[in-house]
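Have a look at the structure below, then the notes.
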Amino acid sequence: MKWLVSLLCTSVLVLHMNYTHAQVIDSPNGEKVWYAIYLHKKISARWSIDNLSLAGMRSLQHDFWFFQNNLGLNFKINRLLSISAGYGHSLYAYSPWWDDHYQQKPNFLNTVSFHSMLFSLQRKTEIGRKFQLNNELIVQYYIPKFEKYETRFHYTVRFSYRKRNLPLGLTPSLEGGVYYYLNGVKTNYYDKDFNIISYASPDGIHRFRGKVGINLVPIKELRNLSVTLYYGINREFNLKGFGNNLNIEHPSRSGNRTLTTYPFNNYYIFGCQLNYSF
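In the working numbering, the protein residues as written are 391 to 668.
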């Protein structure tokens, strides 16, 4: 089973590297498809490691957007509280757009690379005998920085049915999270007459992501193998009075038209994830 999961993960990456039509790091608005493989290994009663490999498609036509791999080390403080630390590596499809925005050059896969460090704190709350509430705070630091952020804080709440007494061991869940962006690339801010009023990074609460999904056990004899199917929505926004804005309007160099810096990145997600614990 270990070699099979590794083969599937590698196949997903290699297959979609052949469909590289991305234009920018923020995908155009619309529907996206995400495929993921999650592996979890228990080391002891308190320690475990995990790995998440995620391939994102820019549209329902499956043109490649990104590939991410995150390796984590987890420590269970008690039955309800745990902490994690990890390293992530992301590959984004390259296009000439990158040359005007980032210093990285494309590799032999025609992708651009980012690295990240992650720390998270999770708290689990059991609600009665059948339901569970999970709260998680994640801090991610990226090298090099993205235009919108270098550090990203992510707070998520997930409500789920935790018993496996439904057909196929089905457990539905509902999840929502908000993101705070910090220390992105600085840009000019303007008043309504397009006079420059400040030069700053777009720090602030700028993203909501919600998901509704189901987890099921397709093979009864393999209780450690499960599949998660979900539908998600991603929305960026500005909160007036809380930080600096995204989606900043400014005049073109000629002054004949209005352009937008750091436009909102809004899309829907159709996701499928294979999970295996060993």
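Even glycine gets a Cβ: it sits at the ideal position worked out from N, Cα and C. A quick note: this is a predicted structure, and the numbers were derived from the prediction, not measured.
Please go through the same chain and pick out, in chain order, the residues whose beta-carbon is closer than 6 Å to the beta-carbon of residue i, but skip the five residues on each side of it.
{"i": "TYR570", "result": "PHE543 and ILE595"}
{"i": "TYR531", "result": "MET507 and THR541"}
{"i": "ASP440", "result": "HIS430 and GLY462"}
{"i": "HIS411", "result": "In this prediction, HIS411 scores a pLDDT of 34, lower than 50, which makes its location untrustworthy; the coordinate-derived value is nonetheless stated afterwards. The residues are ASP453."}
{"i": "GLY661", "result": "TRP424 and TYR620"}
{"i": "VAL529", "result": "PHE509 and PHE543"}
{"i": "THR515", "result": "LEU523"}
{"i": "SER474", "result": "GLY462, ASN464 and SER510"}
{"i": "LYS601", "result": "GLU565, TYR620 and GLY622"}
{"i": "VAL591", "result": "In the sequence under discussion, the amino acid at residue 591 is Ser, which differs from the Val named in the question. Excluding residues within five positions, the ones whose Cβ falls inside 6 Å are ASN573, GLY574 and LYS576."}
{"i": "ASN525", "result": "ARG513 and VAL547"}
{"i": "SER616", "result": "ASN605, VAL607 and ASN665"}
{"i": "SER667", "result": "HIS430 and ASN614"}
{"i": "LEU527", "result": "LEU511 and TYR545"}
{"i": "HIS460", "result": "In the sequence as displayed, the identity of residue 460 is Asn instead of His. Closer than 6 Å at the Cβ level, and outside the excluded window around ASN460, lie LEU442, GLY476 and GLY478."}
{"i": "TRP488", "result": "VAL502"}
Give the C-beta separation of residue i and residue j to the nearest angstrom, bearing in mind that I take them to be a contact with Cβ-Cβ under 8 Å.
{"i": "ARG552", "j": "PHE521", "result": "7 Å"}
{"i": "GLY622", "j": "ILE659", "result": "4 Å"}
{"i": "THR651", "j": "THR577", "result": "5 Å"}
{"i": "ARG513", "j": "LEU470", "result": "6 Å"}
{"i": "ASN635", "j": "ASP593", "result": "That belief does not hold up - the Cβ atoms of ASN635 and ASP593 are roughly 10 Å apart, past 8 Å."}
{"i": "GLY559", "j": "VAL607", "result": "4 Å"}
{"i": "TYR492", "j": "PRO534", "result": "7 Å"}
{"i": "SER443", "j": "GLU421", "result": "Rounded, the Cβ-Cβ distance is 22 Å, inconsistent with contact."}
{"i": "ASN628", "j": "ASN637", "result": "7 Å"}
With a CB to CB cut of under 7 Å and the five nearest residues on each side skipped, what residues in its chain are close to residue i?
{"i": "ASN497", "result": "SER503"}
{"i": "GLU537", "result": "HIS491, GLY574, VAL575 and TYR652"}
{"i": "GLY446", "result": "LYS422, TRP424, TRP455 and PHE456"}
{"i": "SER434", "result": "none"}
{"i": "THR501", "result": "LEU481, TYR482, ALA483 and TYR484"}
{"i": "PHE632", "result": "GLY594 and ILE595"}
With the cut-off set at 8 Å, would you say residue i and residue j are in Cβ contact?
{"i": "PHE457", "j": "TRP437", "result": "no"}
{"i": "ASN624", "j": "TYR428", "result": "no"}
{"i": "ARG597", "j": "GLU639", "result": "no"}
{"i": "ASP419", "j": "TYR589", "result": "The residue you asked about is not Asp; residue 419 is Asn in the sequence shown. No, they are not a contact pair."}
{"i": "ASN671", "j": "THR561", "result": "With the chain represented from 391 up to 668, any question about residue 671 goes unanswered, as that position is not in the structure."}
{"i": "TRP455", "j": "ALA483", "result": "yes"}
Here's a check: name, in chain order, each residue in its chain whose Cβ is nearer than 8 Å to the Cβ of residue i, leaving out the five neighbours to either side.
{"i": "ILE587", "result": "TYR579, TYR580 and ASP581"}
{"i": "THR648", "result": "GLU639, HIS640, PRO641 and SER642"}
{"i": "LEU398", "result": "Confidence at LEU398 is low in this model, with a pLDDT of 43, below 50, so its placement is unreliable and the value that follows should be read with caution. Same-chain partners within the cutoff: ILE427 and LEU664."}
| Along the chain, which unbroken stretches of the beta strand (DSSP E) at least 3 residues long are found entirely within the stretch 492-545? | For the stretch 492-545, whole beta strand (DSSP E) runs of length 3 or above, ordered along the chain, are 501-517 and 521-533.
| message | Runs of 3 residues minimum, wholly inside the stretch 541-612: which ones carry the beta strand (DSSP E) assignment? | response | If only uninterrupted beta strand (DSSP E) runs of at least 3 residues are considered, those enclosed by the stretch 541-612 are 541-551, 561-572, 577-580, 586-590 and 594-606.
| query | Hey, which unbroken runs of the beta strand (DSSP E) at 3 residues or more fall wholly within the stretch 436-473? | reply | Listed in chain order, they are 437-447 and 454-466.
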